[in-house]
Amino acid sequence: MTLYQPFLDYALAVMQERLSLQPYTIPEGFECKQETTGKGKKQETIITTSYAFKSPKLRQIRAAHVQGGNSLQVLNFVIFPQLTYDLPFFGADLVTLPGGHLIALDMQPLFHDTAYQQQYTEPILPIFQTHQQHLSWGGDFPEEAKSFFSPAFLWTRPKETEVVQTRVFEAFKDYLEAYLNFVEQAQPITDSQRLSDILQAQRSYVRYRAAKDPARGMFTRFYGEAWTEEYIHGFLFDLERQLVGV
Ligand code: DBV
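Using the UniProt record's numbering, you'd call the opening residue of the sequence shown number 1 and step up by one each time.
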């Protein structure tokens, strides 16, 4: 069973329809990684597939899809806007581990002032409220991560797989469509102070996520440290590398 394949298929189809998608280079050796772990009946093959695109307003649209049987399914899907737009990040972390499902869905803000919230959070509050009614709060998460989330952060740990396939899937579709509406409306920023604030906010987000990637342990176990660090810094959260042009 690949729980998150329909999410990925939906995202690719709607983006194909609504954005002028162009390919984004995935570093060699990271497009698809496969490793078999365990012995005898416990043997599992863990496949990680990467997807990446860009569009005129979006610097990197990328997904990592981990498939390792019923109790290991992950879709981490993030959109990083071009540095000339003040668009939030689209962030989806859809995780199924032996302990259960963990769902994080948000339009992760660059700024927290009222004007920014009015532009990028208020329009999605109705969507947030609709879905949140059925998806209870997922509980504690790292204190230092709080500034990277918006008031419309959907954070939940559903007990039933069916909830993921229905409610969570509907929420994912609604958030992505709302995000594409923001993209459509976004105008390039020209003020140099604002541009420098955007760059700083993007860097601090990417640095945090690369440093604290909750998947680091999992990837290191399956594929080793060298592969994992290169995957994190060279693909999943690659802004710093792109800026220095390596
Ligand atoms: N998370 C990623 C990437 C993943 C990934 C690139 C490709 O950023 C998967 C894979 N997330 C992943 C896994 C776990 C989590 C957990 C495998 C489980 C780790 C474990 O239990 O061993 C949101 N993801 C989480 C958690 C949060 C998020 C809050 C719980 C972590 C914890 O309790 O310590 N998404 C995550 C996050 C940000 C975000 C922290 C911060 C900006 O956008």
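Yeah, the Cβ is synthetic: ideal placement off N, Cα and C, and Gly gets one too.
Everything numeric in this text was worked out from a predicted model, so none of it was measured.
Note to self: Across the stretch 21 to 39 and the stretch 52 to 69, are there enough close Cβ pairs to call them in contact, namely three or more that are closer than 8 angstroms?
What the structure shows: yes
Next item on the list: For phenylalanine 153, collect the residues of the same chain with a Cβ closer than 6 angstroms to its Cβ; drop the 5 residues on either side in sequence, then sort them by chain order.
Entry: Asp106
Notebook entry, point to check: Short check: CB of phenylalanine 219 to CB of tyrosine 231, under 9 angstroms?
Noted result: yes
Notebook entry, point to check: Got a sec, what are the start and stop residues for the alpha helix (DSSP H) lysine 173 sits in?
Noted result: 169 to 185
Next item on the list: Just the C-alpha distance for isoleucine 79 and leucine 58, rounded to the nearest angstrom, thanks.
Entry: 7 angstroms
Check: What number of angstroms, rounded off, separates the C-alpha of alanine 210 from the C-alpha of serine 192?
Finding: 27 angstroms
Notebook entry, point to check: What residues are listed by DSSP as bridge partners for tyrosine 51?
Noted result: Ala63
Notebook entry, point to check: With distances taken between CB atoms, is the gap from leucine 75 to leucine 94 smaller than 9 angstroms?
Noted result: yes
Checklist line | Residues of its chain near valine 66, where Cβ-Cβ distance is below 6 angstroms and the 5 sequence neighbours each way are ignored | finding: Thr48, Val74
Checklist line | methionine 218 CB to nearest heavy atom of the ligand DBV below 8 angstroms | finding: yes
Check: In the DSSP assignment, what are the bridge partners of leucine 58?
Finding: Ser55, Pro81
Check: Using a Cβ-Cβ cut-off of 7 angstroms (strictly less than) and excluding sequence neighbours within five positions of serine 20, which residues of its own chain qualify?
Finding: Ser55, Pro56
Notebook entry, point to check: If you count every other CB in all the chains shown that lies within 10 Å of the CB of serine 150, and 16 or more means buried, which is it?
Noted result: buried
Margin query: At a threshold of 8 angstroms, does aspartate 93 count as lining the ligand DBV (C-beta to nearest heavy atom)?
Written below: yes
Note to self: Closer than 8 angstroms to a non-hydrogen atom of the ligand DBV - does that hold for the CB of glycine 69?
What the structure shows: no
Margin query: According to DSSP, simplified to helix, strand and coil, what is lysine 146?
Written below: helix
Item checked: Cβ-Cβ distance between histidine 233 and glutamate 240 below 9 angstroms -> yes
Item checked: Buried or exposed by the 16-neighbour rule on C-beta atoms within 10 Å, applied to histidine 131 -> buried
Margin query: Quick check: what's the CA-CA separation for phenylalanine 111 versus alanine 201?
Written below: 7 angstroms
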